[in-house]
Amino acid sequence: MSYWRTGSHTAGWWLAAALALLLVTTYLGGQIHVRVVSPQSVYFALTMTVGMLVGLWAWAWRTPSRIGKLMFWWPALLLAADLPSAFPESSLASTIGLGLIVFGYIVFAQMALSYPTGKLLPGRLAWIYIFILGYLAQVVQNVVNMLYWDLSDCPFCPPPRVPTLIHIGAAPFSLRTWNNAWFMFIMAILPIGLFLVYRAFAQASPGTRRSTGPVLATLTFFTCTSWVYSYVLLTDRYNALTPLSWVQTTGALVASFTALIGLGMTKRARGRVGDLVVELDRAGPGGARRALSRVLGDPTLELALWLPVRGTWVDEEGREVTLPAGRDRAVTLVGEDLAAIVHDPVLLDQPALLEAAGSAARLALENERLQVELRAQLAELRASRARIVQAGDEERRRLERDLHDGAQQRLLGIGMALQLVKSRVGGNEEAIALLDETELEVQGALTELRELARGIHPAVLTDQGLGAAIRTLADRAPIPVEIHDTSARLPAHVETAIYFVVAEALANVARYAHASNACVTIERRNDRALVEVRDDGVGGADLNVGGSGLRGLADRVGALDGKLRVESPPGGGTRLNAEIPCAS
Amino acid sequence: MRATVLIVDDHPLFRRFARRLLEDEGFAVVGEAADAAAGLAAARELQPAAVLLDILLPDGSGLDVASTLAKAHYAPAVVLTSSRSACDLGVALNETPARGFIPKAAFTGAAFTELVTST
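Which chain is which? The protein sequence lines are A and B, in order. If you're matching positions, the first sequence starts at 1 in this note's numbering and goes up one per residue. If you're matching positions, the second sequence starts at 1001 in this note's numbering and goes up one per residue.
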C-alpha cells in the first residue's frame, strides 16, 4: 500500500506503537483477571486506544510530527495512570498510577497550546503554564502522594488502594489538606490554559483558526469536566465519579477525533493549493497576488518580485518596494532570487502550506516578473524616445538662436556699415553702384539665413508661443486658413510637436491638395492636446507612403505617446488629427 | 537743436552702427541700453524725443516697453526694430502704440527719420 509507505515510521514511533499494544492488553487483561471489567472501563480502554491510534497516525503521516506525538501521549498516559484499577493489589501498578496521574491532561493542554504545528505558543506565559505549573508542579504532587498515600481504609476512594513501592508511611502533615489544596490549585489554573488558547485563537490567521476551532471547542468541554472532577474530589462526592467518568471519557474520544479533523482541515487548505494552480493558470497580470491571498486566507498579502536588471524588489506594477523588516509582517521567499510573499506572520504557523503555495505559484510569479521586466523596458524605451526628440528640439532651438545672434547680426552690421560708407563716398557713381550691389548680396544672404533658421526652429514659437506661430504659418499659406485655438499655453515640447504637425499639414495642403481653404483647430481636452487640420482638397494623402513627411510626423507625435491619424478619401478632402498627452 | 534719441538693443554691433546712421541723419544719440529694464530707466532719466527699440530683448518684449513709454508724459516717438521680419512677429505688431516698425535688414537713417517726423 503506497499510502502506508509514505508515512515516516521512526524507531520512536515503533516503540510507541508497541507500548500502546502492551498497555491496552495489560489493562484489559488485568481487569478481566480480577473480574472488575465494567462497560465503563471497556469504554475507557477503547477510547484511549482510539486516541493512541489517532496519535500514531498523525505522528507518522503529518508533517511536522510533533503534534502527532502529543496526540499519542495524552491517551497513553491517561490509560497508564488508570492501571491500578486493573491491578488493585499491585504496588507496581500503584506506583505507575500515582506517578503518572494527571500527566495525560497536561500533555493534552500542551497539545492544545501548540496546535496545529506542535510548537508551543510563543511567549513566556504558555511555557511557564505548561512546564512550571504543569509538569513540574505535578511531579512534586505525584511524588508526595507516592511517598504518603495510604487510603486502604477508604472504600469510596478511587484506586490505588495499596501503597506504592516507595511508600514511607503516614505523612507528617495532613495529606487530605494537601490534596484539597492541590485540587483548588488545579481549579484555579485550568481557566488560565483556556484563556491562553482563546487568546492565541483570536490572533491566529484564518487558516489556523479553521483547523484550531474544533480543538478549541473540545478543550473548553474538557476543561469544564476536569474542573468539575476536581471539585467532586475536593468535596468528597465520590458517587458522582462514575457518571463523570463517562462524560470525561466521551470528551476524550471527541478530543481525539476533533484533533484529527482539525489536521484534516489544514490538509484541506493544502488541497486548495491544487485550486491555486488552476486559478493561476487562468489569472492575468496581478492574478498571482489575488490567488495567493485567497488560498492563504490573508487579504493583506503582497508580492515583491526581484528584478535582477535593476537589483531591486518591485511590486507587480514595477514600482520599487522594500521588504518589511518589522515583526508585524513576515516574508516568505519563493525560488532563488525570484519573489517574496509579504504576509501576516500568523501564516508562519503553517509553513508547509506556505511552501506548497509558493511552489505552486512559482511559474506564475516567474511570468509576472517577465511582464514587469518587459513593462519596465518599454517604459524606459518610451521615455528615452521622448528624451531624444526633446533633446533634438532643444538642439535645434539652440542652433537657431546661434544663427540669429551670430551670423545674422554680423550680416546686419555689414548692411548698416555699407549704408554708412554709401553716405560718405560723395558723388562717386561707380562706387555707389558697387555698394548697392553688395547691399543686395547681403540682403540675399540675410534672407537665406532667415529661411534656414526658420526651418531649423521657428523663432516665433520660442518667442511668442504656439498661437502666434500658427497664425504666422496661416499668413504664409497660399490659401485662406481659419484658426480655432483654445489651447492656451502647453508644455514646450508639445507646442513644438503641434507646430510641426500644422506646418507639415499646411505645406502638404499647399503642395498637393488643390484646396480652396483649410482649417486648423487646436484644443486642450483634459490632459490631451487635440489638433486637427482639414482642407477641402482632392484627398488621397497616406500616412504610410514614404517620404510624405507624414510618417516623420507620426514618429514625432508617437515619441510623445501621442497618436496621428489621417483620413483622406480621394476627392473628399484631407483630415489630419493628432492627439498628444500633455500632463504637466 | 537736434532731436535726442535713445537706442535700446541687446546687440552692441547694431547699436554701434545705428548710432552712426542716426547721427548722420542729424539726431543726437543721447543714450544706449541693452535690455528692457535699462531702456526704461534710461528713458526716464534722459526723456529723449525718440526711441529706437528692439522687440526681442533678453528680459522682455520691446512691445511692452513701447506701451509703457507711450504712457510717459514726455511720450517719445518709438520706432520698433527687429532682426525678424514683420511676418515672423505676428499680429502683435498691429496693436502697438509705436510709430512704426523697421526690420533690421531694411534699417536706414532715412526710414527712421520718416517714421519719427510723421504725425
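C-beta: ideal position from N, C-alpha, C; glycine also.
Shown here for Ala20(A): same chain residues with a beta carbon closer than 8 Å to its own, the five before and five after excluded, namely Thr49, Met52, Leu53, Leu56, Phe72 and Ala76 in chain order. Here DSSP, grouped into helix, strand and coil, assigns Trp313(A) to strand. Residues of the region 470-501 of chain A that bring their beta carbon within less than 8 Å of a beta carbon in chain B comprise Arg471, Thr472, Asp475 and Arg476, in sequence order. Contact annotation: Gln409(A) and Leu1013(B) have beta-carbon atoms nearer than 8 Å.
Counted as a single uninterrupted DSSP element, the stretch harbouring Lys1104(B) is not any beta strand (DSSP E), since DSSP gives it neither H nor E. From the beta-carbon of Ala1105(B), the residues of chain A found nearer than 7 Å are Leu412, Gly415, Gln443 and Leu446.
Checking the DSSP bridge columns, you'll see Arg565(A) partnered with Asn577(A). With 16 or more other CB atoms across the displayed protein chains lying within 10 angstroms of its CB, Val566(A) is buried. Non-local beta-carbon contacts of Leu530(A) in its own chain, meaning distances under 6 Å to residues more than five positions away in sequence, involve Glu523 and Glu579 in chain order. Around the beta-carbon of Glu400(A), 16 or more other beta-carbon atoms lie within 10 Å, marking it buried.
In the three-state scheme derived from DSSP, where H, G and I count as helix and E and B as strand, Arg319(A) is classed as coil. In this structure, the alpha-carbon of Leu113(A) lies about 11 Å from that of Leu125(A).
For the pair of segments examined, the region 298-315 of chain A was found to touch the region 367-376 of chain A: the number of CB pairs separated by less than 8 Å reaches three. DSSP lists His484(A) and Glu532(A) as the bridge partner or partners of Thr521(A). Within a 10 Å sphere around the beta-carbon of Arg319(A) sit fewer than 16 other beta-carbons, which makes this residue exposed. Taking a cut-off of 8 Å on C-beta distances, the region 1043-1051 of chain B touches the region 1067-1080 of chain B, as three or more cross pairs fall below it.
When DSSP states are grouped into helix, strand and coil, Leu1057(B) belongs to the strand group.
Between Ser423(A) and chain B, the shortest Cβ-Cβ separation is below 8 Å. When the five nearest sequence neighbours on each side are left out, the beta carbons in the same chain lying within less than 8 Å of the beta carbon of Gln443(A) are those of Gly415, in order along the chain. By the neighbour-count criterion, in which a residue is buried when 16 or more other Cβ atoms sit within 10 angstroms of its Cβ, Val309(A) is exposed. Where His493(A) is concerned, there is no enclosing beta strand (DSSP E), although the alpha helix (DSSP H) around it starts and stops at Ala492 to Asn508. By the criterion of a C-beta distance shorter than 8 Å, Thr95(A) is surrounded in its chain by Met146, Thr164, Leu165 and Ile166, once the five residues flanking it on both sides are discounted. Spatial neighbours of Ala291(A) in its own chain (CB-CB distance under 8 Å, excluding positions within 5 residues in sequence) are listed in chain order as Leu276, Glu279, Leu280, Ala283, Ala361 and Ala364. Segment contact: the region 121-140 of chain A against the region 77-86 of chain A, fewer than three CB-CB distances shorter than 8 Å; contact not assigned.
Counting the other CB atoms within 10 Å of its CB gives Asp344(A) a total of 16 or more, which places it among the buried residues. Inter-residue distance for Asp298(A) and Arg534(A) is about 57 Å (C-alpha atoms, whole angstroms). Counting other Cβ atoms within 10 Å of its Cβ, Arg1084(B) reaches 16 or more and is therefore classed as buried. Per the C-alpha coordinates, the member of Gly104(A), Pro122(A), Glu89(A) and Gly118(A) positioned closest to Val139(A) is Gly104(A). Cβ neighbours of Ala288(A) within its own chain (closer than 7 Å, five residues either side excluded): Leu280, Leu303, Ala361, Ala364, Leu365 and Glu368.
Annotation for Phe201(A): Arg209, Thr212 and Leu216 place their beta carbon closer than 7 Å to its own, counting only its chain and skipping 5 residues before and after.
At least one C-beta of chain B is nearer than 8 Å to the C-beta of Arg450(A).
For Glu1025(B), there is no enclosing alpha helix (DSSP H), since its DSSP letter is neither H nor E. If you draw a 10 Å sphere on the C-beta of Arg237(A), you find fewer than 16 other C-beta atoms in it, and that means exposed. Within the DSSP secondary-structure output, Glu395(A) pairs in no beta bridge. Within 10 angstroms of the beta-carbon of Pro458(A) lie 16 or more other beta-carbons, which makes it buried. Residue state for Ser1082(B) is assigned as strand, using DSSP reduced to three classes.
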